[in-house]
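So the structure is just underneath, and the comments pick up after that.
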Amino acid sequence: MSERRDGPLWGGRFGATPAEAFERLNASIPFDVRLAPYDIRGSIAHAGMLGRQGIVSEEESAELVWGLRAVLEEVEAGGFSWTLSDEDVHTAVERRLREKVGDVALKLHTGRSRNDQVALDLHLFARDAAGRVREALVEAMRALVEVAGVHQDLVLPGYTHLQRAQPILLSHHLLAHFWAFRRDLVRLDAAAASASVSPLGAAALGGTPHLVDPRLTAADLGMTPFENSLDAVSDRDFALDLLYALAVLGVHLSRLGEEWVLWTSPEFGFATLDDAYSSGSSIMPQKKNPDAFELMRGKSGRLIGDLAALLVTLKALPLGYSKDLQEDKEPLFDAVDAVLPALAALPEMLRTARFDGGRMAKAAGGFALATELADFLAVRGVPFREAHAAVGRLVRRLEESGVPLEEAPAEMLVAAHPALAEVPRDLLTPEGSVANKKSPGSTSPSSVEAQLREARTFLGGF
Ligand code: ARG
Numbered sequence: 480m481s482e483r484r485d486g487p488l489w490g491g492r493f494g495a496t497p498a499e500a501f502e503r504l505n506a507s508i509p510f511d512v513r514l515a516p517y518d519i520r521g522s523i524a525h526a527g528m529l530g531r532q533g534i535v536s537e538e539e540s541a542e543l544v545w546g547l548r549a550v551l552e553e554v555e556a557g558g559f560s561w562t563l564s565d566e567d568v569h570t571a572v573e574r575r576l577r578e579k580v581g582d583v584a585l586k587l588h589t590g591r592s593r594n595d596q597v598a599l600d601l602h603l604f605a606r607d608a609a610g611r612v613r614e615a616l617v618e619a620m621r622a623l624v625e626v627a628g629v630h631q632d633l634v635l636p637g638y639t640h641l642q643r644a645q646p647i648l649l650s651h652h653l654l655a656h657f658w659a660f661r662r663d664l665v666r667l668d669a670a671a672a673s674a675s676v677s678p679l680g681a682a683a684l685g686g687t688p689h690l691v692d693p694r695l696t697a698a699d700l701g702m703t704p705f706e707n708s709l710d711a712v713s714d715r716d717f718a719l720d721l722l723y724a725l726a727v728l729g730v731h732l733s734r735l736g737e738e739w740v741l742w743t744s745p746e747f748g749f750a751t752l753d754d755a756y757s758s759g760s761s762i763m764p765q766k767k768n769p770d771a772f773e774l775m776r777g778k779s780g781r782l783i784g785d786l787a788a789l790l791v792t793l794k795a796l797p798l799g800y801s802k803d804l805q806e807d808k809e810p811l812f813d814a815v816d817a818v819l820p821a822l823a824a825l826p827e828m829l830r831t832a833r834f835d836g837g838r839m840a841k842a843a844g845g846f847a848l849a850t851e852l853a854d855f856l857a858v859r860g861v862p863f864r865e866a867h868a869a870v871g872r873l874v875r876r877l878e879e880s881g882v883p884l885e886e887a888p889a890e891m892l893v894a895a896h897p898a899l900a901e902v903p904r905d906l907l908t909p910e911g912s913v914a915n916k917k918s919p920g921s922t923s924p925s926s927v928e929a930q931l932r933e934a935r936t937f938l939g940g941f
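If you're matching positions, the sequence shown starts at 480 in this note's numbering and goes up one per residue.
As structure tokens, this is what we get:
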């Protein structure tokens, strides 16, 4: 039984062993070795089913399961070694199993193909990864809610066109990211659900004459069985679902990261990062850079690329296994590996950051309060367009005379519109402006309080 050592496990009909250059191109073992725990878990389910269905004897099934557990232990202890001639993780595990339990290992692949096997492995990886990202994301959401709660009353400008627009509560801003992350959780859960379908039992593409029971293996793995063997081996939608969820999450992280890059610049000066989450320059001694937030911004590029890569690989690929499908793994691994470290850093970065409430409030004053005046007039029956024009003229005059809006003399207000004579001065503060909001989901303190309650209730469910 030295066949395996002389060539690949499919080498029966070949007169020569693979050329080295082909072997190097063909092999997925350098990157799919990380699927080993899932591969073995799937093989244990398969071996158990083979025994229960009488395809192999109960003793053979038990031996296979015992051997696979031993290989799994080796993998978990980091002692599993592979060579390029193993080609892929499936072959490497089978080779190692044979070294442990002998020729009974040759029966493991009955009623199975590497096509349903690799699809299963990737499903298991994707389900697990979606869960890990979900957990890390919930931690970041917790941090957002905590920081929002601690700084509930701080105000800063909200921006449109990156121009100061209107004052908003910092807590409102932080919670805006919370709700975006909550939508990411929905997408991650959907990706985990589509990954929870087991392709095992589809064999190469059309099923198998052996009386395999896909329901048994699926149940063993906490999955539901496939409906169509050809679809089962061809489908990579679950990987796309996860890549899409990660790409959108990456975009969310990039938007948050960009804001913090701005906020921590001296130009804004709204926040300072803890030293433990900043880095310096090799030449400019004064520098304190927000690298972590820049990386959150930067990693979105590769996350979008990973999704695009798999979409393009799948486009126009005929049903059934083609070796192109081997290209499904690296983008998925890359995306998971890009998101997890960013999410791991984020919660403490948020918790340890310091805010300069004075600077934020100052930036949130001035002309950022102009809408307040227009709304004051509109509430008193002045058509909004007229009110807008009147306050616009006032802004122009104030700008020309270099007077801040808060200090606009009464005669200037009245000249813009007589009804402005009665404008309460405390409305012309960032705090007064946010307190004046009455619409649901607004930045008013009571509305943000309600959001915080809702967010805490949501997180309480974890
Ligand atoms: N290494 C392969 C992959 O990653 C496993 C499936 C091989 N199947 C085949 N028919 N050659 O996709």
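Even for Gly, the Cβ is constructed at its ideal location relative to N, Cα and C.
Cβ neighbours of Leu633 within its own chain (closer than 8 Å, five residues either side excluded): Leu648, Leu649, Ser650, Phe834, Gly836, Met839, Ala840. Bridge pairing for Ile647: Leu635 [DSSP].
Looking at the DSSP output, Phe834 sits in a beta bridge with Ala750.
Excluding the 5 residues flanking it on each side, Trp742 has same chain C-beta neighbours closer than 6 Å at Phe749, Ala750, in chain order.
The alpha carbon of Leu551 has as its nearest neighbour, out of Gly521, Gly530, Glu539, Gly533, the alpha carbon of Gly521. One thing to note: Leu796 has its Cβ no nearer than 8 Å to the Cβ of Pro810. Taking a contact as a CB-CB distance under 8 Å, the pair Ala847 and His867 does not count as one, their CB atoms being some 15 Å apart. Leaving aside the five residues that flank Val870 on each side, the residues in its chain whose CB is nearer than 7 Å to its CB run, in chain order, Ala849, Leu852, Ala853, Ala895. In the DSSP annotation of this structure, the continuous segment of the alpha helix (DSSP H) that includes Tyr723 starts and ends at 716-742.
As the crow flies, the alpha-carbon of Leu719 is around 11 Å from that of Thr792. If you look at Ser713, you'll find it in the alpha helix (DSSP H) that goes 708-713. Contact check for Leu798 against Leu709 passes: the beta carbons are separated by less than 8 Å. Not one heavy atom of ligand 1 is found less than 7 Å from the C-beta of Arg591. Looking at the DSSP output, Ser758 shares a beta bridge with Asn768.
Linking Pro769 to Phe747 through their CA atoms gives a straight-line distance of about 14 Å. A contact is defined here as three or more CB-CB pairs under 8 Å, and the stretch 583-591 meets this definition with respect to the stretch 525-533. In the structure shown, the three-state DSSP call for Thr589 is coil.
Around Phe660, the same chain offers Leu616, Ala619, Met620, Leu623, Leu728, His731 as residues with beta carbons nearer than 8 Å, after the five sequence neighbours per side are excluded.
Gly920 places its beta carbon 8 Å or farther from that of Glu885. In the structure shown, Pro810 falls within a helical segment according to DSSP collapsed to helix, strand and coil. For Ser507, the shortest C-beta to heavy atom distance toward ligand 1 is below 7 Å. If you check the CB distance, Ser918 and Pro646 do not come in under 8 Å.
For Asp813, the shortest separation between its Cβ and any heavy atom of ligand 1 does not lie below 7 Å. Shortest gap from the CB of Val597 to any heavy atom of ligand 1: under 7 Å. In this chain, Val512 is not harboured by any alpha helix (DSSP H), its DSSP state being neither H nor E.
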